[in-house]
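Asks: Sharing a structure with you now.
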Amino acid sequence: GEDVEQSLFLSVREGDSSVINCTYTDSSSTYLYWYKQEPGAGLQLLTYIFSNMDMKQDQRLTVLLNKKDKHLSLRIADTQTGDSAIYFCAESRDSSASKIIFGSGTRLSIRP
Amino acid sequence: DVKVTQSSRYLVKRTGEKVFLECVQDMDHENMFWYRQDPGLGLRLIYFSYDVKMKEKGDIPEGYSVSREKKERFSLILESASTNQTSMYLCASSSLSGLEQYFGPGTRLTVT
């Protein structure tokens, strides 16, 4: 069945790197996503990676995909207080956003 | 600037009341979605619509119905609200071939 799992909480010191991990079960996933939800807001797409890629970098964000282990990670370099949010891992089996399966979300909190 | 709006940010209803949650998008998207978000459970799809008057059940449709009379508007209806429907409700939209779902800010519904 379809399942996306991630830990519920992560606490990181300001300025350190944050690494949020996710595992998924569907080997036919086409796109894997990271969405961010700030307090009191809806979800916003942060980044995505196509399943034939291993890595994608975008400024402070690095996404790593291990397709063999069905493991996806999001690394945020130089974590800032504005990075406090819930981060959702998600997968899609087709080439559109018609059916996206979301994980439970990881709440990232930043310590001073 | 893309926009998905939801009719209320906060709503308090009594058990047994009929509840309407409205969602409007201004991007001419074909697909629209209703999710509920609960701590530790992530986002669960209630209903999905890929065209006017078309709908598909998601993972948890029981106790809900939907209406899509116009392309830009997707309504979620709780025929007889119950306390276990207290939750955050998120609406989203996407184009037929788009990779991203765009989310509204959410409606926090409390049923007492």
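So the sequence lines, in the order shown, correspond to chains S and P. Numbered as in the numbering used here, the first sequence ends at 112 without a single skipped number. Numbered as in the numbering used here, the second sequence ends at 224 without a single skipped number. Quick reminder that beta carbons are idealized off the backbone N, C-alpha and C, glycines included.
So, under 8 angstroms CB-CB, residue 87 of chain S and residue 108 of chain S are touching, yes? Tell me the CB distance rounded to an integer number of Å.
Replies: About 6 angstroms separates the two Cβ atoms, so the contact holds.
Asks: Between residue 213 of chain P and chain S, is any beta-carbon pair separated by less than 8 angstroms?
Replies: Closer than 8 angstroms: yes.
Asks: Do the region 152-171 of chain P and the region 130-137 of chain P meet, that is, are 3 or more Cβ pairs less than 8 angstroms apart?
Replies: Because the criterion of three Cβ pairs below 8 angstroms is not met, the region 152-171 of chain P and the region 130-137 of chain P do not touch.
Asks: What are the residues in the region 40-52 of chain S lying within 8 angstroms of chain P by C-beta distance?
Replies: Hits within the stretch, in order: 40, 41, 42, 43, 44, 45, 48.
Asks: Along the chain, which unbroken stretches of the beta strand (DSSP E) at least 3 residues long are found entirely within the region 132-195 of chain P?
Replies: Complete beta strand (DSSP E) runs here, min 3: 143-150, 154-163, 166-169, 177-182, 185-190.
Asks: Please say whether residue 51 of chain S and residue 74 of chain S have beta carbons closer to each other than 8 angstroms?
Replies: No, the pair does not count as a contact, with Cβ atoms beyond the cut-off.
Asks: Looking at chain S, which residues of the region 190-216 of chain P have a Cβ within less than 7 angstroms of any of its Cβ atoms?
Replies: Listed in sequence order: 202, 206, 208, 209, 210, 211, 212, 213, 215, 216.
Asks: Check distances from the C-beta atoms of the region 148-160 of chain P to those of chain S and list, in chain order, the residues that come in under 7 angstroms.
Replies: Residues passing the 7 angstroms Cβ filter: 152, 153, 154, 155.
Asks: Taking its Cβ as the centre, do 16 or more other Cβ atoms sit within 10 Å of residue 59 of chain S, making it buried, or is it exposed?
Replies: Label assigned to residue 59 of chain S: exposed.
Asks: Please report whether the beta-carbon of residue 15 of chain S lies at a distance below 8 angstroms from any beta-carbon of chain P.
Replies: No, residue 15 of chain S lies away from the interface with chain P (no Cβ there is under 8 angstroms from its Cβ).
Asks: Who are the neighbours of residue 88 of chain S on chain P, taking C-beta pairs under 8 angstroms?
Replies: Under the 8 angstroms cutoff, chain P gives 154, 155.
Asks: Residue range of the beta strand (DSSP E) that residue 57 of chain S falls in?
Replies: Note, residue 57 of chain S: beta strand (DSSP E), 55-58.
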